[in-house]
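Undergrad: Got a structure here, written out as structure tokens. Questions coming.
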Amino acid sequence: MIQVLEVKTEKDIKEFIDFPFKIYKGDKNWVPPLKNDEKKMFSPHTNPELEFCDTQFWLAKDNGKTVGRIITMINHKYNEKVNKAYARFFKFESINVEGGEQLLLFAENWAREKRSTHIHGPLGFSNLDNQGLLIEGFEYLPSIASTYNKVFYKDIFDKLEYQKENDWIEFILYPEDCIDERILKLNETIKKRYNLIVNSFKKRKELQPFIPQVLEVLNQAFAELPYVIPFDEKTGSYYIEKYFSLLNPNLIKIITNKDGEAVAFIVGLPSLSRAMQKANGKLSPWGIYNIFRAINHPKVVDLALTAVLPQLQRQGVAAVLITELQKELIRYGVKEVETTGIFETNTQAVQTWKNFKHIQHKRRRCYVKEL
Numbered sequence: 001m002i003q004v005l006e007v008k009t010e011k012d013i014k015e016f017i018d019f020p021f022k023i024y025k026g027d028k029n030w031v032p033p034l035k036n037d038e039k040k041m042f043s044p045h046t047n048p049e050l051e052f053c054d055t056q057f058w059l060a061k062d063n064g065k066t067v068g069r070i071i072t073m074i075n076h077k078y079n080e081k082v083n084k085a086y087a088r089f090f091k092f093e094s095i096n097v098e099g100g101e102q103l104l105l106f107a108e109n110w111a112r113e114k115r116s117t118h119i120h121g122p123l124g125f126s127n128l129d130n131q132g133l134l135i136e137g138f139e140y141l142p143s144i145a146s147t148y149n150k151v152f153y154k155d156i157f158d159k160l161e162y163q164k165e166n167d168w169i170e171f172i173l174y175p176e177d178c179i180d181e182r183i184l185k186l187n188e189t190i191k192k193r194y195n196l197i198v199n200s201f202k203k204r205k206e207l208q209p210f211i212p213q214v215l216e217v218l219n220q221a222f223a224e225l226p227y228v229i230p231f232d233e234k235t236g237s238y239y240i241e242k243y244f245s246l247l248n249p250n251l252i253k254i255i256t257n258k259d260g261e262a263v264a265f266i267v268g269l270p271s272l273s274r275a276m277q278k279a280n281g282k283l284s285p286w287g288i289y290n291i292f293r294a295i296n297h298p299k300v301v302d303l304a305l306t307a308v309l310p311q312l313q314r315q316g317v318a319a320v321l322i323t324e325l326q327k328e329l330i331r332y333g334v335k336e337v338e339t340t341g342i343f344e345t346n347t348q349a350v351q352t353w354k355n356f357k358h359i360q361h362k363r364r365r366c367y368v369k370e371l
């Protein structure tokens, strides 16, 4: 008989973190997270989002053996923003269909007890977490910002009558090794028209003065997207600490106006998927070597974030960012770019790379169920 038990002890936390390492062992397309990063989720001292998220962590046990895990959550900031009473679930994993069903039914009951009208997910604490359930593209290696899961998970959601709420789609871009002169001239025209300056970087410390402005651009640019809540100083610092050391500053471009204020930015992240597989959740000397080798010598680049202030959207500024990044891709000899998830309804974002050869290769889904 399967029991769902709350994570309370250090042993429970370790079991929660280690569970996917067991069920995906030997899977060539699973990218392990760093265990130290995962552990930071559990404490308000290291995860400021617990201050506004009513969160509990659970393990499914069958005769003492862990067969699944899940996080249940009420994100109060999100509910206040959209004026709804939604619960969400996150980090859903199961060894089989039965365990998965029991976990989701348990999460639904938990949500009802919290007076939620709906439950949706997989959704994290913020839009910078790995969200959604992969339903297409299992044969492709995911980026560290994407997700990967068992194929049969979708069957569990279908059986329990969950509905599609939103889909993210992902693309592989194949940039050319030269840029059309017409595009370069158009970009110069756009920069002159709006008095824009493209800032490039060689060292991470050069990025530091821009961080508060970049967070503000991110908040404004993403404000109307589903599931997004603004980052404050605490939550912004949490994600900056998580990702800053993984950045290659050459792959970051920040556009400022004539007053030196950031109005747009793009973050290309060297693909760390293979390096993270070699690290296998631990920052051993070998793991660190492989990660920093991937950072400094990128062969594939993940398009992690692109943001433009609302008043400059649809004015060609995003295309300027892409072109400036492409110059660096050419310099590094990068032939493949992996996009992170884009809402399928966001046709404006897809148009940004219309000049690249590309394929849409993955689809992730956020499910919802009325309680």
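Residue 174 in the numbering used here sits at position 174 of the sequence shown, with consecutive numbering throughout. Glycine included, each C-beta is placed from N, C-alpha and C at the ideal position.
Mapping the DSSP letters down to three states, classify V317 as helix, strand or coil.
TA: Looking at V317 - three-state DSSP - the assignment turns out to be helix.
Undergrad: Residue ranges of each alpha helix (DSSP H) run of no fewer than 4 residues wholly in the segment 232-308, ordered along the chain?
TA: Entirely contained in the segment 232-308, the alpha helix (DSSP H) runs reaching 4 residues are, in chain order, 233-243, 273-279 and 285-296.
Undergrad: Should L247 and F231 be called a contact, given that it needs their Cβ atoms to be closer than 8 Å?
TA: No, the pair does not count as a contact, with Cβ atoms beyond the cut-off.
Undergrad: Taking R182 as the reference, which of T323, W58, N257 and G287 has the closest Cα?
TA: Comparing Cα-Cα distances from R182 to each of T323, W58, N257 and G287, the minimum goes to T323.
Undergrad: So if DSSP puts W58 in a beta bridge, which residue, or which two residues, is it bridged to?
TA: E6 and I70, per the DSSP bridge assignment.
Undergrad: Does the Cβ of K22 have 16 or more other Cβ atoms within 10 Å, making it buried, or fewer, making it exposed?
TA: It is exposed - the Cβ of K22 has fewer than 16 other Cβ atoms within 10 Å.
Undergrad: Short of 8 Å in beta carbon distance, which residues of its chain neighbour S43, apart from the five on each side in sequence? Order them along the chain.
TA: These residues qualify, in order along the chain: L50.
Undergrad: Any contact of the segment 75-90 with the segment 110-124, i.e. 3+ C-beta pairs under 8 Å?
TA: Yes, they touch.
Undergrad: Among the candidates F125, I211 and P270, whose CA atom is the shortest distance from the CA of A56?
TA: As written in the sequence, residue 56 is Gln, which differs from the Ala given in the question. Cα-wise, what sits closest to Q56 is F125.
Undergrad: Strictly by DSSP, which residues pair up with N199?
TA: Its beta-bridge partners are I254.
Undergrad: Apply the 10 Å Cβ neighbour rule to N250 and answer buried if 16 or more other Cβ atoms are within range, or exposed otherwise.
TA: N250 should be labelled buried.
Undergrad: Please tell me whether L133 and Y153 are closer than 8 Å, where the distance is taken between their beta carbons.
TA: Yes, they are a contact pair.
Undergrad: Note down, one range per segment and in chain order, each alpha helix (DSSP H) of at least 4 residues found wholly within the segment 90-131.
TA: Counting only runs of 4 or more, we get 97-113.
Undergrad: Tell me, please, which residues DSSP counts as bridged to C366.
TA: N166, per the DSSP bridge assignment.
Undergrad: Can you have a look at G68 and say buried or exposed, based on whether 16 or more other CB atoms are within 10 angstroms of its CB?
TA: When all chains shown are included, G68 counts as buried.
Undergrad: Considering only the beta carbon of each residue, do E136 and K362 sit closer than 8 Å?
TA: Yes.
Undergrad: Once DSSP output is grouped into helix, strand and coil, what is the label at K159?
TA: Correct three-state label for K159: helix.
Undergrad: In chain order, what residues of the same chain lie with their CB nearer than 6 Å to the CB of Y24, ignoring the 5 residues before and after it?
TA: Correct list, in chain order: W30.
Undergrad: Are the CB atoms of L303 and V337 nearer to each other than 8 Å?
TA: Yes, the pair counts as a contact, with Cβ atoms nearer than the cut-off.
Undergrad: Among the candidates L59, I255, D158 and Y140, whose CA atom is the shortest distance from the CA of V267?
TA: Checking every option, the nearest Cα to that of V267 belongs to I255.
Undergrad: My output table needs one value for K65: the three-state DSSP class, helix, strand or coil.
TA: Reduced to three states, the DSSP call for K65 is strand.
Undergrad: Note down the Cα distance separating Q163 from D155, rounded to an integer number of angstroms.
TA: Going by the C-alpha atoms only, they are around 12 Å apart.
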